[in-house]
Structure formats: C-alpha cells, structure tokens
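K.L.:
Protein sequences appear in the order of chains Z and C. Numbering-wise, the first sequence is residues 2 to 144 according to the working numbering. Numbering-wise, the second sequence is residues 2 to 144 according to the working numbering. The C-beta atom is built at its ideal place from N, Cα and C for all residues, glycine as well. Just so we're clear, the structure is a prediction, and the values are computed from it rather than from any experiment. A single structure is presented below for examination.
Number of protein chains: 2
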Amino acid sequence: MEQRISLITLGVADLAQARRFYEGLGWQAGMAVGDEVVFFQLNGLILSLYPLTALAHDAGVTETSSGFAGITLAHNVRDEAEVDAVLSEAERAGGRIVKPASRAEWGGYSGYSGYFADPDGHLWEVAYNPGFPLDAEGNTRLS
Amino acid sequence: MEQRISLITLGVADLAQARRFYEGLGWQAGMAVGDEVVFFQLNGLILSLYPLTALAHDAGVTETSSGFAGITLAHNVRDEAEVDAVLSEAERAGGRIVKPASRAEWGGYSGYSGYFADPDGHLWEVAYNPGFPLDAEGNTRLS
C-alpha cells in the first residue's frame, strides 16, 4: 500500500449546512452532486462531505455513534496570529470553539494551537508549529 | 482558512501495535517520539498515530466513544487488481476487512472498492475510481 491518502470523507447530518460552513471558511467546492455529495480540493487530496447515513451504509457499518470519534484533522498555519484568525473565522462560520488557542510544546518546539468543531462535531486543530513548517504550496513535510 | 490540511491524527489504544500495522502495509515512519507519537509522511500531509487518551485530552474532550466515528479515509489505486491486493495486504498486516471489494458506481463512473479497519477501527476505503485518476505523484485532483 503506497504511503498516501486520496480522500477524507466527513459524514454530515445536513449536507447543505455542512457545505455552507466550509464555504464560510472561504473554501470553494470543486464538485457537487445535487444533495448527494460535495467535494473540496485540498493539497493533493480531496475532502468530501457526505450524508452520515449514506457513509455508514457505504462502509457497511451501523450509523450509531456517540462521543469522541478518535480522529482529528489539523490545519497548520504560519504564525500565532493566524491561529487566532482562523479560529475566529471558524466561529463566525458556525463552528464551535472546543479549545481556545493556547501555548503548546511539541518535541522541543514552542507552538500555539486551538480546536474547533464543524457543525457535525468533526474536530479541527488549528496550529502554529515551528517544527512542521509549511512549504510554498502549503504542504507539511517531516524534516 | 486556506483550503488544505496538514495532519490527520488517529487515536490508538496501543501505539506499538498501531505502528506495526501501518509498517506492515509497507509504510515507513518518518519520525517517532518514544512511545508518545509516530508520524508517517503522506502526500503533502502527515498521518500521526497518537494514544487515544492523549488525543482526547489534547482536544479537551472526553475520550468515551462508541460506534461509527462518522469519518472515513480513502486510498485510491490505479486498477481493480490493486484494490484486491491492498485489501489482502491490510488483512495480512492485522487489519479487518469490513466490506469486501465490490463494484461501485460513482457519478457515471464504474469503479471497485472495499473497506478495511485498522486495529483501532479506523476505516480505510480502498478504491479504484476512474473519475478520480491519480497523478504521477499519487495525488488525487478533481477534474
């Protein structure tokens, strides 16, 4: 199995609401099929919004769930001010601040991060981590 | 918020076991901090394995969870035979086949996909989807 990923699919309760939230962050949908699915082109992979029930059905699992999903997504930025700016933007777009930004220590690097939840509770960390600098294309690479 | 992602973090019950599973897929860890965290470089972003309890604590949420996480990851490949090969590889590495590969129809494209779960239940779809061809670097782009 090659060491890469193609899509992340977020199960959502209300596709139109979820789309509005991500568009409220300034994102542009690259493709959408009616009220079935919405795709956003990210850096080399695709984020897809898809009804939770359909996603569970597609995977052949029961839809019932509660509590922590056990998975988080992270959006790294170039400085601390951008952490605050993105968290504010997420809140204005209808997200929920789960953890306000605070200092963080990662392997000797002093950073700054907070978390927001999208309307379906999917957790995004917004982080400035000098140990994981972004390249010119916005990609993150282990040094 | 720029339209990109930096990391995906999978909460795991047993870091060593989870690492062995992904290494069993042929992946190579790019960085690891003792028994705290393991990073794999993917295409422009990082997959991180991190103890579930620590991840919940970091996000400031309770760790309790059950059922479907409501999020899936997908690994697209170049043909149907590779779907079968990757699912077999995942099973040999200690994964669980959640949905055996079968024909799929996506927006007029006829494809083939199945799902496996890693040792912590994180769901990966392995898919051949001619509507989402891979580029030379293994990236997936909306046409």
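Examine chain Z for any beta-carbon lying closer than 8 angstroms to the beta-carbon of C/Phe22, and answer yes or no.
P.N.:
Not one chain Z Cβ lies under 8 angstroms of C/Phe22.
K.L.:
Rounded to the nearest angstrom, what separates Z/Tyr23 and Z/Leu48 at their Cα positions?
P.N.:
Roughly 10 angstroms separates the two Cα atoms.
K.L.:
Would Z/Gly108 be called buried (16 or more neighbouring beta carbons within 10 Å of its own) or exposed?
P.N.:
Exposed.
K.L.:
To be precise: take each residue of the segment 69–80 of chain C, compare its Cβ to all Cβ atoms of chain D, and keep it if any distance is under 7 angstroms. Which residues remain?
P.N.:
Absent from the structure: chain D. Protein chains present are Z and C.
K.L.:
At a Cβ threshold of 8 angstroms, is C/Gly112 touching chain Z?
P.N.:
False, the Cβ-Cβ gap to chain Z never drops below 8 angstroms.
K.L.:
What first and last residue would you give for the alpha helix (DSSP H) that runs through C/Ala137?
P.N.:
Element bounds for C/Ala137: n/a, residue is neither H nor E.
K.L.:
Check whether the segment 47–62 of chain C touches the segment 124–136 of chain Z, taking contact to mean three or more Cβ pairs, one atom from each stretch, closer than 8 angstroms.
P.N.:
Yes, they touch.
K.L.:
What whole-angstrom Cβ distance do Z/Gly68 and C/Thr54 have, given they're in contact under 8 angstroms?
P.N.:
So it is not a contact: roughly 13 angstroms between Cβ atoms.
K.L.:
If we define contact as Cβ-Cβ less than 8 angstroms, is C/Ser67 a contact residue for chain Z?
P.N.:
Closer than 8 angstroms to some Cβ of chain Z, the Cβ of C/Ser67 qualifies, so yes.
K.L.:
Is the beta carbon of Z/Leu56 closer than 8 angstroms to that of C/Thr73?
P.N.:
Taking 8 angstroms as the Cβ cut-off, C/Thr73 and Z/Leu56 qualify as a contacting pair.
K.L.:
Which word fits C/Ala102, buried or exposed, when buried means at least 16 other C-beta atoms lie within 10 angstroms of its C-beta?
P.N.:
That one is buried.
K.L.:
Figure out for me which residue from Z/Gly71, Z/Gly61, Z/Gly112 has the closest Cα to the Cα of Z/Ala82.
P.N.:
For Z/Ala82, the nearest C-alpha among the options comes from Z/Gly112.
K.L.:
Distance, Cα to Cα, C/Met32 vs C/Phe41?
P.N.:
Each residue's alpha carbon lies about 7 angstroms from the other.
K.L.:
Under DSSP, the beta strand (DSSP E) around C/Ala17 begins and ends at which residues?
P.N.:
It is not in any beta strand (DSSP E) - C/Ala17 instead sits in the alpha helix (DSSP H) that spans 16–25.
K.L.:
Hey, does Z/Leu11 have any beta-carbon neighbour from chain C nearer than 8 angstroms?
P.N.:
Chain C contact via Cβ: present.
K.L.:
Just reading off the alpha helix (DSSP H) that Z/Thr54 is part of, what are its end residues?
P.N.:
Segment 53–60, the alpha helix (DSSP H) holding Z/Thr54.
K.L.:
So what does DSSP say about Z/Ser66, is it helix, strand or coil?
P.N.:
Three-state result, Z/Ser66: strand.
K.L.:
Provide the residue(s) that pair with Z/Glu126 in DSSP beta bridges, ordered along the chain.
P.N.:
BP columns for Z/Glu126 point to Z/Ala75, Z/Tyr116.
K.L.:
Measuring straight from C-alpha to C-alpha, what distance separates C/Gly12 and Z/Arg142?
P.N.:
Their backbone Cα atoms lie some 21 angstroms apart in a straight line.
K.L.:
If the criterion is Cβ atoms closer than 8 angstroms, does the pair C/Glu90 and Z/Met2 meet it?
P.N.:
Against a cut-off of 8 angstroms, the Cβ pair of Z/Met2 and C/Glu90 comes out as a contact.
K.L.:
For Z/Tyr116 and Z/Glu126, which I take to be in contact (beta-carbon distance under 8 angstroms), what is that distance rounded to the nearest angstrom?
P.N.:
That pair is a contact at about 5 angstroms.
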